[in-house]
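Contents: one structure, followed by commentary.
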Amino acid sequence: MQYRKFEALGIECSLFGIGSMRLPLLKNADGSTDSEKIDEPEAVRIIRYGIDHGVNYIDTAYGYHGGNSERLLGKALADGYRKRIRLATKLPVWLVKTYEDFDRLLEEQLTRLNTDYIDFYLLHALHRESWEKVRDMGILDWLDRKVSSGQIRYPGFSFHDQLPVFKEIIDSYDWKMCQIQLNILDETLQAGVEGLRYAGSKGIPAVIMEPLRGGKLAAASPDILDLWNQAEEKRSPVEWAFRWLYNFPEVSVILSGISTMEQLKDNLRIFEHAQPGCMSSRELDLVKRVKAQYDSKVKVGCTACEYCLPCPNGVSIPVIFGIWNDSSIFGMREEYQNRYRKLITEEKGASSCVACGICEAACPQHIQVIEKLKQADAALRCDP
């Protein structure tokens with residue numbers, strides 16, 4: 020495992036961090052899954068295996084798996100594992116109504132996680148409106164108070180908005196870290212590479228989320244694979260995606276959501292010799308060509324973060340967009356039409372949308388969800 024220094028903090032963190040938003044799930048009798056029902060024995064086994072093999076950064080949040088991600092980690096980090104890692108979780112700023120909610124939510128998270136302190140406590144998914152709300156409510160003084168009490172060691176934030184907002188937030192406080200979305204498709208999206216380097220210039224470590232764009236970069240179509248295979252040294256699409264990120268010296272941790280032991284072991288292999296500045300000009304040019312090919316095929320930039328859910332009318336927004344993107348990338352196949360038809364039968368299809376706009380206000384990617392749902396419905400509907 021490779022480690023990178025958080026210079027101002029005097030600590031080192033594993034370059035590969037385990038994300039706890041996509042833990043293994045129990046299967047229902049019909050083979051379906053419920054995101055709130057974690058396969059706890061397998062999840063604990065995966066997390067402890069990762070720690071035993073050098074991972075010392077684990078990320079979760081209040082709402083992951085309906086709150087059960089934090090509870091699961093409270094169990095997985097028993098038996099001495101808590102002391103071996105840096106634990107990150109996040110304040111759900113959208114649930115904050117009063118100053119007292121800051122304390123209430125943190126205390127709830129400490130109980131769930133079975134710990135008396137959080138290493139990295141992030142203001143979750145900041146955008147301009149949520150940032151201004153909690154800033155004006157006194158969040159920065161509150162963070163100082165919690166650092167003094169020892170309940171929080173290092174304040175930070177995760178981010179989903181445009182670059183000028185990111186710079187404003189970075190400049191507003193003595194942050195100890197930030198978390199941004201970055202991958203080969205999102206070089207200029209949100210904070211982007213410029214934001215990464217801006218944080219680096221301020222001495223603020225950057226943790227990367229969505230390195231595989233919600234797993235989509237792992238499931239490469241034949242034409243994308245053909246491009247990757249033009250490289251002299253053959254690597255999987257997953258390895259290329261991670262390699263592009265750890266090439267940046269400003270990247271401190273790269274999070275990867277782990278659902279299976281196989282994924283974990285592959286990530287451990289990839290990060291065994293990960294070094295900054297490792298990519299040649301040929302390899303960087305190859306990434307540009309792959310990105311251009313992806314850009315020509317992806318219909319909607321949804322990462323399945325599920326911030327748009329629950330839809331008040333039951334529309335399965337990320338699932339629909341995922342089916343639509345897959346059908347575009349891999350070709351319109353009967354399986355995608357069947358998956359979408361099943362959603363319609365369950366009254367979860369795009370035709371159930373009433374255009375209330377709640378999803379668009381919540382979407383960190385700023386997707387025009389209502390219009391994209393109409394387009395997806397037109398593309399995927401195949402009435403018998």
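For the sequence shown, the working numbering begins at 20 and goes up steadily by one. Backbone N, C-alpha and C fix where the C-beta goes; we use that ideal spot for every residue, glycine too.
Residue range of the unbroken alpha helix (DSSP H) whose run includes residue i
| i | result |
| --- | --- |
| Arg-216 | 211-220 |
| Arg-15 | This structure cannot speak to residue 15, because the chain is shown only from 20 to 403. |
| Ser-54 | Here Ser-54 belongs to no alpha helix (DSSP H); instead the beta strand (DSSP E) covers 52-57. |
| Lys-186 | 182-189 |
| Val-306 | 300-314 |
| Glu-126 | 119-132 |
| Lys-391 | 388-399 |
| Asn-248 | No alpha helix (DSSP H) contains Asn-248, which DSSP labels as neither H nor E. |
| Glu-354 | 353-364 |
Beta-bridge pairing of residue i - partner residues as DSSP gives them
| i | result |
| --- | --- |
| Cys-197 | Phe-176 and Ala-225 |
| Ser-275 | Ile-37 |
| Cys-32 | Arg-23 |
| Asp-319 | Per the sequence presented here, residue 319 reads as Val, with Asp not at that position. Answer by DSSP bridge pairing: none, since Val-319 is not bridged. |
| Ile-171 | Ile-137 |
| Leu-110 | Leu-142 |
| Val-270 | Ala-225 |
Neighbourhood of residue i by C-beta, 7 Å cutoff - its chain only, sequence neighbours within 5 removed
| i | result |
| --- | --- |
| Gly-157 | Tyr-118 |
| Ser-39 | Ile-77, Asp-78, Thr-79, Tyr-83, Ser-88 and Leu-92 |
| Ala-323 | Gly-233, Pro-337 and Gly-341 |
| Arg-90 | Arg-131 |
is_contact[residue i, chain D] using C-beta, thresh 8 Å
| i | result |
| --- | --- |
| Lys-195 | No chain D appears in this structure, which consists of one protein chain only. |
Chain-order list of residues whose beta-carbon lies under 6 Å from that of residue i (same chain, five-residue window excluded)
| i | result |
| --- | --- |
| Val-272 | Cys-32, Gly-36, Tyr-76 and Val-226 |
| Gly-368 | Leu-362 |
| Gln-394 | none |
| Glu-55 | His-84, Gly-85 and Asn-87 |
| Lys-165 | Ile-171 |
Contact under 8 Å by Cβ, residue i with residue j
| i | j | result |
| --- | --- | --- |
| Leu-106 | Leu-132 | yes |
| Ile-389 | Tyr-313 | no |
| Ile-348 | Ser-240 | yes |
| Asn-332 | Val-373 | yes |
| Gln-209 | Ser-177 | no |
| Met-228 | Asn-266 | no |
| Leu-399 | Tyr-355 | yes |
| Tyr-405 | Arg-172 | Since the first and last residues shown for the chain are 20 and 403, residue 405 lies out of range. |
| Ile-277 | Ile-223 | no |
| Leu-114 | Tyr-140 | no |
| Asn-357 | Val-317 | no |
| Val-153 | Val-112 | yes |
Endpoints, beta strand (DSSP E) assigned at residue i
| i | result |
| --- | --- |
| Lys-46 | 44-46 |
| Ile-137 | 137-145 |
| Asp-78 | 76-78 |
Close-in-space but distant-in-sequence residues of the same chain around residue i (CB under 8 Å, 5 per side omitted)
| i | result |
| --- | --- |
| Met-20 | Ser-33, Leu-34, Phe-35, His-72, Gly-73, Val-74, Leu-287, Phe-290 and Glu-291 |
| Gln-282 | Ser-275 |
Assigned exposure category for residue i - 16 Cβ within 10 Å defines buried
| i | result |
| --- | --- |
| Lys-307 | exposed |
| Gln-387 | exposed |
| Thr-108 | buried |
| Thr-364 | exposed |
| Arg-262 | buried |
| Ala-144 | buried |
| Lys-235 | buried |
| Pro-230 | buried |
| Ala-293 | buried |
| Lys-391 | buried |
| Pro-403 | Low local confidence applies: a pLDDT of 42 at Pro-403 is under 50, so the model's placement there is unreliable, with the coordinate-based value given in what follows. By the 10 Å Cβ count, Pro-403 comes out exposed. |
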